Structure formats: structure tokens, C-alpha cells
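See structure below.
Chains as they are written, first to last, in full-length UniProt numbering: chain R, 1 to 756; chain V, 1 to 152.
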């Protein structure tokens, strides 16, 4: 608008006349604009005050200012339609200017604010969606929990009984209660499998036997899936009660219930659900209610239907397993009791046997003494009687008495011995004894008897037989005596030879004793004794009986004095105790007989031997000291020297073996050789041999002492000998006295290096 | 009885002469000491062995030294002589032993002439001692036959 200022009243006249219609309309509009503009902030203030949350207060202030000023502008504009003073125009201008400023500011500010406001809106929308989602999930969980709770409840109820009938009934009742059903029914397949029979219902106590054919389409539909299927209330399976309600009957749902036959049931083999027969469960919601089957309810029904039979079978299964376990337990209890009884019985038997043995031993001991005393008296007095004056008849009688009593005494001894052998209470008494003296004594004992019968008796002891042995001397002598005694007894003429040798492993592979495989060792040897006689012989058929107690062959009985038959049995026992073997050979009657036995004896320790062999140093004495069969080995490639050294050592009583070369020496050397004399005049051969000997014997105690014999009187030789580990060195020529001294020294100190 | 005593005296005299002349030394005594009931022929056995051994060795020596001078194997010769020395010292054949020692020296020096000379000497000494010992044994046998055993 453009104002024309008048000169008179300093007033401004409006452009247009005040009565113009247009101006009038403008005037009214301005008025209303002003009104509106003033009321808007008021409304804003009112509502902002009401809402608790509004982040942009100062925006409102700004906006309010803007509005207010706009309103003010338009209000003041009202006065400009008529003549108005300059002041009014100025106020008007001021207002306009302010308005302009504020509105521009507001416009600028809104550029920032509006995107924020918009985003707030977006967030609000997002949160709303999220809240809706959570709500849904909550709903799901709740339904699941409900279902689970119901199933547990049902399971509990069902498990509390094993009766199928009760289970099913309980299921129906529980389901009915949980889901608030009007009716719940169970249709079971008949035995023919062609129809479904109404088996249980919730409300009706005794359902009349309704049946429906099984192949109805609706039933097939339900059976074909494991879900609860909504069916029409009008289908035959659902029409259970007369329709009473005014409105529509409630929704009906049917579900299949898999049936597991008890006959399929095996303890450790749960049958799969792929069975053919199903039952049908029909559930009806109350009519006249607007209830509908909810998803979670359907799920509940499905789960329950699936579980019913399984639960039943679970329960039955557990019981069956428990029963079988009980059966096994009972069985094992019975077995245990049986074992206990047997143990008790065995224990009793053992104690009885022990008592019996003790009693027998006591008896034998007593009887032994009691029997021997009178025997001695008889024998002694009869012998005395023999010395007196007797008639021929009387003498004969006395001799018979003596003979009989001697026999009886022998029998008593034998019986006692054998009984001790039998019950294993006999133990060998092991001592070191002289083997040679045992044989000599036997010979001495037998010689008188043999010479009376004009039998020649020869003894041959092998040269390698140890002089001393470790074993039971008394029993060995008893055995040899018995065998030789038998030989003498059963020979009327001819000769008896006794041979004793050390049994070599090769000789063990006797065809006669295939099971006997003894193993000689360094501490034991096997003594083989053979007694040949040229006596009456034995029928080969009778030989096996010989070692059995009391058995006798006819031939023996008619000739000569009869033995009690125990002798050989006892011998065999002794020989067995000595880990040996005894056997008899005979070519027949009149052809003599050979008894051979092998026993295991120990070799006495070296300390014993060297003690026995130790000769006191006798200077210049012509008495040759016996080194007791000390085994030595002489190695010399010069025949003459060898013989001389051998003769020297033989003279001193050693058991000498000779070797003409290093190889031969190594071949024949054994732990039995206590000293090796080797000639070292022939170059390095002797030293090499010494080393090889030391290698051969791992333990220093086992190996023989190595002594060098040399004519070399130089220090080098002595040093060489010491270096290779020899135990001694002696200078040739060696006299008898010197050798004697050397041997004694060696055996005592195990080393001797002669001063050069 | 007189014959026996005479024989005895002769034997003793003969034996002493052998010792005095150096044919035998104390080692022979030792050998005689080793003879006992368990070994009645010991001395004769050993001496016989010696004779056999010595003869063999002397043959070997002759053969070894008869070849060309340049191709003499002195080591081999020495070995043989060493053997002979050993045997002779074992039975107490002193003079033989001594020659052997000299022989060995010549071998060391590779003195052919000396070796040949020594060989001759050994042969001589050997035959001497052999004859003497054989005589000795014969006398012993005769005496033994005449009377029980000689007292030593």
C-alpha cells in the first residue's frame, strides 16, 4: 500500500477510500487473521502445558513470537484502512519489520527442526512394531508352557498307573478338564481291524457299542496325518450325543492315537511308531459357545495323542526291565550262595583231611617206635642165640627167625619211608658230600654179600665226575644201595657192574625217556648211574609193574628171597625228588637186567673247592700237594713244552687239559677251568688269546685266571701281560716247587706277577 | 745183588757225567721229579716227543737255509730255532739250547754264514744228546728189569 502523506495533520491517508467494498473485505480478513494468529499460540501453550514431553519449547516460543507478531501486524493493519496518524504508521512499520525478522528466523530454524521431528515419528513407528512382535512371542511361549504343563500333568497321571484302560480314561478326563471340552471320545479298532468301536467317553459311563467302519474318508483323513484335524460335528464319529443346544454344536477335532501292540514288545527293542493300527480320539468343544480351537490347544491335543501309548509302554517297559534285572539278580544271588556253601564244604573237607594226615603221622610215629623196639630185641637176641651151641635143627630155626625178622625190619622201614614220601612230607636234606665216598661205601656194604654169592662187583667212576656234589647223601646212597642190592639179590651168578658218569645233554634224548628233558646248568650236573647184572632178568612185560608198590612178578617170587616190593617204589620217589628219572631194561628171563637212573646234583661253590684245594706252602718238600682236581688248561704250541707243563701240573694233582693253539684253547675253555697257563713266547698270539678269553667270560668271577709262561726276561713282556689283563706271569723254567707255590699263591690272591 | 748195585752205580755215574759235561741241566731233574706212579713213563715220553719235534725242526731249518742266499726267510728260520730252543730248554738239553741262542742272534743279523754254521752245530749237539739219552734210558730199563725200581 502506498501512503500519501497529507500536510495538515501529519496523517497518512490510505490509498483506497474506506468505503470501497474490497477494502471492507480486506479489513474483515485482517481482523480474523489477527484473531487466529493470537489464538494459535494460546492453543499451543495450552497443549504444551498439558503434555509432559515436548523437547522443542524454545521453538514454540519462537513460533509463538512469530505468530504473535504476524497477528499484531494484521491487527495494526486494521487502523490503516482509515486516516491514521503517522505514529500508527510507524508502529505498523515496526511491527512489520519485527515480523519479518522473526519469520525469517523461524523459517531458517525449521530447516533444522523438521527432519528431527520426522525421525521421531519413524522411531515411534519402529518401536510400536517391536512391541507388537514381542507381544506375539510372549503369546507363543505362554501357549507352549501351557501345553507342556498340561502334558506333564497328563503324563504324571498316566504314569501313575500301568493299566491301559485307566490311562486312556485318565487322558480323556484330563484333556476334558484342561480344554474344557464338552465331550471327548476314543474309538478303538476292533479285533478284525475293519471297524472302530467307541471305547471310552468322557461323559457317558458305559458307552453303548457304537461302531463305525474304519475306512470312512474322514477317518482316513485323520489317520493319514499326525495333526489334529477339524472335522464336521455331523460325521458319524462326532455324533455321540443328541444335539441339545439351540445353537450350533461346538467345533470338533479328531486326532489319531498310534497303538503299539504289547506282543511287539521286546525288552531292549522299542518298536518304532510305524505301526498300522490307530485309535481315534474325538474332542468336542462345548456347543453354544463361541469358542474356537486355538492353535495351542490343537498342539496340546496332538502331543497328548502321540504320547499316550508310548507312555503306557514306557511304564510297562520299565517294569519289564526291572523284572528281568530282578531275575538276573536272583540268579546271581543263588550262584553266590551255592559257592559259599561249596567253600564251606571244601574247607571242612580240608580240615578233615589235615586231621586225618596228622592222625596217620602220629600213628606211624608211634607204631614205628613201637614196632622197631621189639624187632631190635628179636634180631639182637636171635643173633646172640646163633653164637651159642645149637643143634642143626635149632640152628636152622634160629636162622629162619633172623632172616624173617630182618625182612620185617626192612619192611617197617620201607613202609614208614614210603608213607612219608606219599604225603609229600619228605624233604631232601641237602649237603655237600663226597660222591666218590658214597659209591665206595655202597661197594663196601655189598661186597660181603656179593662175594658170598660169588658175584663179581665192579665200580667205574668217570674221570670227569665231580669229587664233591651237593644233594641228599643219605637218600642217594639208599637209592644206589637198593638198586645194587636188588641186582645182587636177583643174580645167582655172574657179575654186577656199576657205572657212574656225568650225563651229557645229548644222552638225554633217549628214546626211552622222551618226556625227560633236563637242562644242565653251571651250578648243577646230572649224575647217571647204571647197574648191570647178569642175573635172572625180568620179563619185559612185567617191567612197568616193578615200580608199583607191592606188585611182584611170579618169576621173582619162586626164586630167592622175595623183596617187599617197596624198594623200587621208594627209589623212584627219591629219584623224582632229585628231579631225575629211573628205568629198568631187560631183554628177558635169564638175560640179566640193567637199572639206570639220572639225578640232579649241585656243584659245590668255589670257596669250598679252593678251600679243599688250598695247599699249605711247603718249601722244598718232595711231598706233592694235591690240588684236588683243580681244573687247568695249558696252551702251548710246542708239543714238548706242553707235555712238560702238563706233567708238572698232573704231578701236583691238577686235572689238566691241553690246547695246541689259540683256537683250540678258546674252543675247549670252560668256566670249570680255574687257571689257564699260556705260553707267550710265540709273538702276540698269547696276548690276543688273553683278550679273547676275557671277552668270552663276562663276569670276572667265572673266568679262569690267565697266567703267562714265558722265557723272556724283559720288562716289556711283563708290561704287555699286565696291559692285556692277565692275572699272572711266570718265568720258564718252572720247577715243581715253584709251580706248587705259584698255584697256591694264585688261588689265594688271584694274582701273581713274578719279579723280573 | 751185586750186579744190580753195579748197574745202579754205573747209571748214577753216567747221569752225573751228562750233567757235568753240560748235556743236561737242572730241568732234567725236574722232569724226573714229575715221574710218579700215576705217570711212570713220563720222562721217556717227553724226551721222545722232543726227539720227534727236534728232527722235524732240523729238517725244516735245512730246507729253509738251502735256498738261494737272497731268498732266505730269516723270520721263518728264527721261528723254527725259537721252537727248538723252547723244547730243548724244557727237557734240559742245555748245549742244544745254547747253540739255539747263538743261532737266533745270527738270524737277527741276517748272517747267512753264521746261520749255516749254527745249523751244523745244532745237528751235532742234537745227535750227541740223543745218543746219550738213549743210552741212559737203556741202562734204566735194564736196571729196572733187574730189580724193582731205582731209588732216587
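Glycine included, each C-beta is placed from N, C-alpha and C at the ideal position. None of these values were measured; they are calculated from a predicted model.
Min CB distance residue i to chain R below 8 Å
i	result
residue 46(V)	yes
residue 53(V)	yes
residue 89(V)	yes
residue 80(V)	no
residue 127(V)	no
residue 38(V)	yes
residue 151(V)	Low per-residue confidence applies at residue 151(V): pLDDT is 46, beneath 50, and the placement is therefore not dependable enough to give any value.
residue 144(V)	no
residue 86(V)	yes
residue 49(V)	yes
Cα-Cα separation, residue i to residue j
i	j	result
residue 290(R)	residue 202(R)	21 Å
residue 501(R)	residue 646(R)	24 Å
residue 61(V)	residue 115(V)	10 Å
residue 637(R)	residue 666(R)	14 Å
residue 703(R)	residue 16(V)	45 Å
residue 146(V)	residue 8(V)	10 Å
residue 24(R)	residue 62(R)	32 Å
residue 476(R)	residue 484(R)	12 Å
residue 109(R)	residue 84(R)	36 Å
residue 628(R)	residue 678(R)	21 Å
residue 204(R)	residue 326(R)	42 Å
residue 668(R)	residue 709(R)	19 Å
residue 280(R)	residue 182(R)	17 Å
residue 120(R)	residue 39(R)	27 Å
residue 226(R)	residue 304(R)	11 Å
residue 691(R)	residue 724(R)	6 Å
residue 130(R)	residue 297(R)	26 Å
residue 673(R)	residue 20(V)	41 Å
residue 105(R)	residue 73(R)	17 Å
residue 396(R)	residue 468(R)	45 Å
Local conformation of residue i per DSSP, three classes
i	result
residue 188(R)	strand
residue 655(R)	strand
residue 4(V)	helix
residue 210(R)	coil
residue 374(R)	helix
residue 234(R)	coil
residue 72(V)	coil
residue 119(R)	helix
residue 19(V)	helix
residue 279(R)	strand
residue 540(R)	helix
residue 79(R)	helix
residue 530(R)	strand
residue 726(R)	coil
residue 627(R)	coil
residue 583(R)	strand
Neighbour flag for residue i against chain V, beta carbons, 8 Å
i	result
residue 638(R)	yes
residue 641(R)	yes
residue 540(R)	no
residue 544(R)	no
residue 681(R)	yes
residue 732(R)	yes
residue 736(R)	yes
residue 442(R)	no
residue 711(R)	yes
Presumed contact (8 Å Cβ cut-off) between residue i and residue j, rounded CB distance
i	j	result
residue 693(R)	residue 727(R)	The pair is not a contact, with the Cβ atoms about 11 Å apart (cut-off 8 Å).
residue 89(V)	residue 33(V)	17 Å between Cβ atoms; not a contact.
residue 31(V)	residue 54(V)	Not a contact, Cβ separation roughly 16 Å.
residue 536(R)	residue 590(R)	6 Å
residue 405(R)	residue 379(R)	5 Å
residue 599(R)	residue 580(R)	4 Å
residue 293(R)	residue 285(R)	7 Å
Residues within the stretch 446-473 of chain R neighbouring chain B, beta-carbon criterion of under 8 Å: In the structure shown, chain B cannot be found, because the protein chains are R and V.
For the stretch 9-35 of chain V, which residues have a CB atom closer than 7 Å to at least one CB atom of chain R, in sequence order? 27, 30, 31, 33, 34
Residues within the stretch 648-677 of chain R neighbouring chain V, beta-carbon criterion of under 7 Å: 648, 650, 651
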